[in-house]
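Positions 7 to 675 (the working numbering) are the ones given, in order, by the sequence shown.
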Amino acid sequence: MNLEIIENTWITLRDGTRLAARIWLPEGARSKPVPAVLEYIPYRKRDGTRGRDEPMHGYFAQNGYAAVRVDIRGTGDSDGHMADEYLKLEQDDALEVIAWIAAQDWCSGNVGMMGKSWSGFNCLQVAMRRPPALKAILTCYSTDDRFRDDIHFMGGCLLNDNLWWGSIMLAYQSRPLDPEIAGEGWRARWLDRIATLPFFPGIWTEHQTYDAYWKHGSVQEDWSAIQCPVLVVGGWADSYTNTVPRLLANLQVPARGIIGPWGHIYPMDGVPGPAIGFLQEAVRWWDQWLKGVDTGVMDEPQLRAFINDPVAPTGTRKAQPGRWVGEPSWPSPAIADRLLHLRADGALADTPESSDATLPVCSPQDHGRAAGEWMGTGCDGEMPTDQRLDDGGSLNFTTPVLEEAIEILGAPELMLELSADAPVAQLAVRLCDVLPSGEVLRVSYQVLNLTHRDSHETPAPLVPGKPYRVRVTLSACGHRFLPGHRIRVSVGTAYWPAIWPAPSAATVTVTPAGSTLALPVRDPAAPQAEVRFAPPAHGPRTPMTQTDPGLMLRQSSFDHLTGVATYVTEGRGGLFGEGVVRFDEIGTELEHNLRRELTIRPEDPLSARYVLTQSYEMGREGWRTRVETVTEMTSDATHFHLSGHLVAREGDSEVARRDWSETIPRHLI
7 MNLEIIENTW ITLRDGTRLA ARIWLPEGAR SKPVPAVLEY IPYRKRDGTR GRDEPMHGYF
67 AQNGYAAVRV DIRGTGDSDG HMADEYLKLE QDDALEVIAW IAAQDWCSGN VGMMGKSWSG
127 FNCLQVAMRR PPALKAILTC YSTDDRFRDD IHFMGGCLLN DNLWWGSIML AYQSRPLDPE
187 IAGEGWRARW LDRIATLPFF PGIWTEHQTY DAYWKHGSVQ EDWSAIQCPV LVVGGWADSY
247 TNTVPRLLAN LQVPARGIIG PWGHIYPMDG VPGPAIGFLQ EAVRWWDQWL KGVDTGVMDE
307 PQLRAFINDP VAPTGTRKAQ PGRWVGEPSW PSPAIADRLL HLRADGALAD TPESSDATLP
367 VCSPQDHGRA AGEWMGTGCD GEMPTDQRLD DGGSLNFTTP VLEEAIEILG APELMLELSA
427 DAPVAQLAVR LCDVLPSGEV LRVSYQVLNL THRDSHETPA PLVPGKPYRV RVTLSACGHR
487 FLPGHRIRVS VGTAYWPAIW PAPSAATVTV TPAGSTLALP VRDPAAPQAE VRFAPPAHGP
547 RTPMTQTDPG LMLRQSSFDH LTGVATYVTE GRGGLFGEGV VRFDEIGTEL EHNLRRELTI
607 RPEDPLSARY VLTQSYEMGR EGWRTRVETV TEMTSDATHF HLSGHLVARE GDSEVARRDW
667 SETIPRHLI
């Protein structure tokens, strides 16, 4: 099919702001209007996501849809400023964009909205606003709870990726507008954008509880507000696994879910594989709700999930063995909790502990070096490695060797009887598969700031020595423990470099009697729905040339002279080491380099230090720009200290400079 591709067009909003859009139209759409699919993100349709957009949106156009990719206000080539993520203004603009699309002569009036990560978030948020033309959404790797399940906080603990992502956003939002699109005023608008750039990591660090800031845009605040059908997609190697079962359990509209083994990548390119025919699934969803064609999607299981089989715990994993299962409804009647008891001798058993024994644990502050990355993206070295590295700093409770397979699907829950010797303390809980080789594979995990034990909205300090009963809900997972393997749950009090440490090295004392692990076990005798996907398909790929292969480095070390543990990652050429690329149609070349260095002394949580250094270079012949940033975070017992430095260059000349320095009080964290 011949496609009409509109490289750039302007959507003018009521206040005069122009949003930049790229559009793919199927042949004949101007004489016979078609439904439209919108993706609405801040990552630059001209060059930032061009390589991903072309084969996806081109595929939709090949299958009878207008595909519209819009840069949100203040990003890419769009007018205005972007003050923060997921603002009401972002949603307001989206309502106008959807109305504009529906009114075009090539659109039938029916619009779908889709995306992953940021655009997965905002299509859920925009659905809550109920624009009349929005008939269905497809959300991938997103969240219904911006505090509990996003890149800023986890279990009331500050994620170190908060600084990582905030630093990346400084570079992303400092990129210049393209002169070929923006015209002669591009430079003035670029410099104005840098001059008004917010210090993103500081904004997010200030909000340390589930307050109004995070409630805005968290669709769990009102499930009933979403009144259009929802297809939700997640991946076990990604950080956004919990949204899928929660949406399926709570939405009051037609909803279907898919969870594969993938990281933060659209499933037609999913890593770890197997990738699936995601674009075919998307077209079936759109056909059902935008064209009124019965494609059978509502006859399929409400949840299609991949059950991981155990593998060697290596940091690089391109393929994941396992199988697909289908749950006709969610929560599934085929899944029931199996209760295991923590024992004072380190056993995880069917019978409870009868003694009043207690077990103290105070993990070294570098406990967590085998965790891998909070968010998998399919790059080398990011997966959790052999957990024996961290088992030495935790309490470990292990079953006997299994005589039969145990398959779990859902969110395991650990109930602990405990006390602590400090008012602020952390837990790091890991569910693991102990292989016959002795290697230990992490299956799921969760961290918890114990001051948030009862509420993320109103945390309360611990009373040292007072006993508490604490529930820790681990991230949803799908895994099969095989005969000959053992199940282990581990409890530690730090998880570096994933989370920022508590202000003191607290000791937590666990009472095994009354402490239990509930596993969501699938009944092997339950009827099995067949799950099949077509092989991956793509539309036409954008012409591009890799001009440098790039490099990814990832290493941790311990200096026995200084007593400092160091964790370093470095992506050269691309954020994840994917290399320098040139988009041949527009001649633009992109190079993104980022180095993270996190250091800590195992005995001293206040020694934690995090430094990120990055550069983003883009341009073509006659036009070359570069942005450089350095951000840093440290803390004392009462405050976080964040700083940032940014320099922008055009050619060899410095054209802008920004500096930030913020001291933010710690609130029970």
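Glycine is no exception: its CB is placed at the ideal position from the N, C-alpha and C atoms.
What you are looking at is a predicted structure, and each value in this text was computed from that prediction instead of being measured.
**Item:** Bounding residues of the beta strand (DSSP E) (the contiguous stretch that carries Gln620)
**Value:** Taking the sequence shown and counting its residues from 1, one reaches residue 620 at position 614. Asp610 to Arg626 is the extent of the beta strand (DSSP E) around Gln620.
**Prompt:** Cβ atoms of Asp83 and Arg52: under 9 Å apart, would you say?
**Reply:** Walking along the sequence shown from the start, residue 52 turns up at place 46. Walking along the sequence shown from the start, residue 83 turns up at place 77. Yes.
**Item:** Residues bridged to Arg75 [DSSP beta-bridge criterion]
**Value:** Within the sequence shown, the letter at position 69 stands for residue 75. Bridge partners of Arg75: Arg28 and Glu45.
**Prompt:** Any idea if Thr635 is buried or exposed, counting beta-carbon neighbours within 10 angstroms, 16 or more meaning buried?
**Reply:** Counting from 1 along the sequence shown, the entry for residue 635 is found at position 629. So Thr635 counts as buried.
**Prompt:** Does the Cβ-Cβ distance between Ile412 and Ile493 come in under 9 Å?
**Reply:** Position 406 of the sequence shown, counted from the start, is the residue given in the question as residue 412. Position 487 of the sequence shown, counted from the start, is the residue given in the question as residue 493. Yes, they are a contact pair.
**Prompt:** Hey, Val303 and Arg290 are a contact pair by Cβ (cut 8 Å); roughly how many whole angstroms apart?
**Reply:** Here residue 303 refers to the residue found at position 297 of the sequence shown. Here residue 290 refers to the residue found at position 284 of the sequence shown. So it is a contact: roughly 5 Å between Cβ atoms.
**Asked** Are the CB atoms of Ser425 and Thr320 nearer to each other than 9 Å?
**Response** Indexing the sequence shown from 1 puts residue 425 at position 419. Indexing the sequence shown from 1 puts residue 320 at position 314. Not closer than 9 Å, so no.
**Prompt:** Straight-line CA distance for Pro316 to Gly484?
**Reply:** Residue 316 sits at position 310 when you count from the first residue of the sequence shown. Residue 484 sits at position 478 when you count from the first residue of the sequence shown. If I take the Cα positions, the gap works out to 11 Å.
**Prompt:** Quick one: what's Asp554 bridged to in DSSP?
**Reply:** Numbered from 1 along the sequence shown, position 548 holds the residue referred to as residue 554. Per DSSP, Val586.
**Beta-carbon proximity list for Glu10, same chain, < 6 Å, skipping 5 on both sides** = Within the sequence shown, numbered from 1, the residue matching residue 10 stands at position 4. Result list for Glu10: Leu31, in chain order.
**Request:** Evaluate Ile12 with the Cβ neighbour count: other Cβ atoms within 10 Å of its Cβ, from every protein chain shown; 16 or more gives buried, anything less gives exposed.
**Result:** Working through the sequence shown from its first residue, we reach residue 12 at position 6. Ile12 comes out exposed.
**Asked** Would you say Leu441 and Ile313 are within 9 Å of each other, going by their C-beta atoms?
**Response** Here residue 441 refers to the residue found at position 435 of the sequence shown. Here residue 313 refers to the residue found at position 307 of the sequence shown. No.
**Prompt:** Which residue or residues does DSSP assign as beta-bridge partners of Ala654?
**Reply:** Taking the sequence shown and counting its residues from 1, one reaches residue 654 at position 648. Ala654 pairs with Val633 and Ala662.
**For Gly384, the three-state DSSP class (helix, strand or coil)** = Walking along the sequence shown from the start, residue 384 turns up at place 378. It is coil, neither helix nor strand.
**Prompt:** Less than 9 Å separating the beta-carbons of Val587 and Thr640?
**Reply:** Start at 1 with the first residue of the sequence shown, and residue 587 comes out as number 581. Start at 1 with the first residue of the sequence shown, and residue 640 comes out as number 634. Not in contact: Val587 and Thr640 (Cβ atoms no closer than 9 Å).
**Prompt:** What are the complete alpha helix (DSSP H) segments, minimum 4 residues, inside the segment 377-455?
**Reply:** 394-397
**Request:** Name the one or two DSSP bridge partners that Val527 has.
**Result:** Here the question's residue 527 lines up with position 521 in the sequence shown. According to DSSP, Val527 bridges with Ala342 and Ile414.
**Prompt:** Using the C-alpha atoms, what's the distance from Ala100 back to Gln258?
**Reply:** Residue 258 sits at position 252 when you count from the first residue of the sequence shown. Residue 100 sits at position 94 when you count from the first residue of the sequence shown. The straight-line gap from Cα to Cα measures roughly 23 Å.
**Message:** In whole angstroms, give me the CA-to-CA distance for Arg560 and Ser245.
**Reply:** On the sequence shown, position 554 is the one that residue 560 refers to. On the sequence shown, position 239 is the one that residue 245 refers to. Answer to the nearest angstrom: the Cα atoms are 19 Å apart.
**Request:** For Gly556, I'd like the list of residues in its chain whose CB is within less than 8 Å of its CB, leaving aside the five on either flank, ordered along the chain.
**Result:** Working through the sequence shown from its first residue, we reach residue 556 at position 550. Same-chain partners within the cutoff: Gly577, Arg578, Gly579, Gly580, Gly583, Glu584, Gly585 and Val586.
**Extent of the continuous alpha helix (DSSP H) run through His724** = Outside the displayed range of the chain (7 to 675) lies residue 724, so it cannot be described from this structure.
**Run of the alpha helix (DSSP H) containing Ile104, from where it starts to where it stops** = The residue labelled residue 104 in the question sits at position 98 within the sequence shown. That run of the alpha helix (DSSP H) goes Lys94 to Ala108.
**Item:** Beta-carbon contacts of Thr149 that lie in its chain and below 7 Å, excluding the five residues immediately before and after
**Value:** Counting from one through the sequence shown, the residue named residue 149 turns up at place 143. Phe127, Asp155, Asp156, Tyr246 and Thr249, listed in sequence order.
**Prompt:** If Ala255 sits next to Trp336, beta carbons under 8 Å apart, how far is it from one beta carbon to the other, in whole angstroms?
**Reply:** By 1-based counting over the sequence shown, the position of residue 255 is 249. By 1-based counting over the sequence shown, the position of residue 336 is 330. Right, the Cβ-Cβ distance comes to about 6 Å (below 8 Å), so this counts as a contact.
**Item:** In DSSP terms, what Asn314 is bridged to
**Value:** Here residue 314 is taken as the residue at index 308 of the sequence shown, counted from 1. According to DSSP, Asn314 bridges with Gly328 and His485.
**Asked** Do the CB positions of Leu420 and Thr357 come within less than 9 Å of each other?
**Response** Taking the sequence shown and counting its residues from 1, one reaches residue 420 at position 414. Taking the sequence shown and counting its residues from 1, one reaches residue 357 at position 351. In this structure, Thr357 does not lie closer than 9 Å to Leu420 by Cβ.
**Asked** Quick one: is Lys94 buried, meaning 16 or more other Cβ sit within 10 Å of its Cβ, or exposed?
**Response** Along the sequence shown, read from residue 1 onward, the residue named residue 94 stands at position 88. So Lys94 counts as exposed.
**Asked** Using the beta-carbon count (16 or more within 10 Å), is Leu345 buried or exposed?
**Response** Along the sequence shown, one-based indexing puts residue 345 at 339. Per the 10 Å Cβ criterion, exposed.
**Message:** If you measure between the beta carbons of Arg152 and His222, is that distance less than 9 Å?
**Reply:** In the sequence shown, the residue the question calls residue 152 occupies position 146. In the sequence shown, the residue the question calls residue 222 occupies position 216. Contact flag set, yes.
**Prompt:** Between the segment 175-182 and the segment 115-132, do at least 3 Cβ pairs fall closer than 8 Å?
**Reply:** no
**Prompt:** If we count the other Cβ atoms within 10 Å of its Cβ and call it buried at 16 or more, is Met7 buried or exposed?
**Reply:** Taking the sequence shown and counting its residues from 1, one reaches residue 7 at position 1. So Met7 ends up on the exposed side.
**Message:** Let me make sure I understand the geometry here. Which of Ala311, His347, Asp351 and Pro390 has the alpha-carbon closest to that of Pro334?
**Reply:** By 1-based counting over the sequence shown, the position of residue 334 is 328. Among Ala311, His347, Asp351 and Pro390, the Cα nearest to that of Pro334 is on Ala311.
**Request:** Kindly indicate the opening and closing residues of the beta strand (DSSP E) around Cys368.
**Result:** Against the sequence shown, residue 368 aligns to sequence position 362. Cys368 -> no beta strand (DSSP E), and no H or E assigned at all.
**Request:** Output the residue ranges of the alpha helix (DSSP H) runs that lie fully inside the segment 130-216 and measure 4 residues or longer, sorted by chain position.
**Result:** 167-178, 185-188, 192-201 and 206-212
**Message:** Determine whether the beta carbon atoms of Gly545 and Pro61 lie at a separation below 9 Å.
**Reply:** Working through the sequence shown from its first residue, we reach residue 545 at position 539. Working through the sequence shown from its first residue, we reach residue 61 at position 55. It is a contact, given that the beta carbons lie within the stated cut-off.
**Item:** Cys113 and Ala42 closer than 9 Å at C-beta
**Value:** Here residue 113 corresponds to residue number 107 of the sequence shown, with the count starting at 1. Here residue 42 corresponds to residue number 36 of the sequence shown, with the count starting at 1. Cβ atoms of Cys113 and Ala42: closer than 9 Å.
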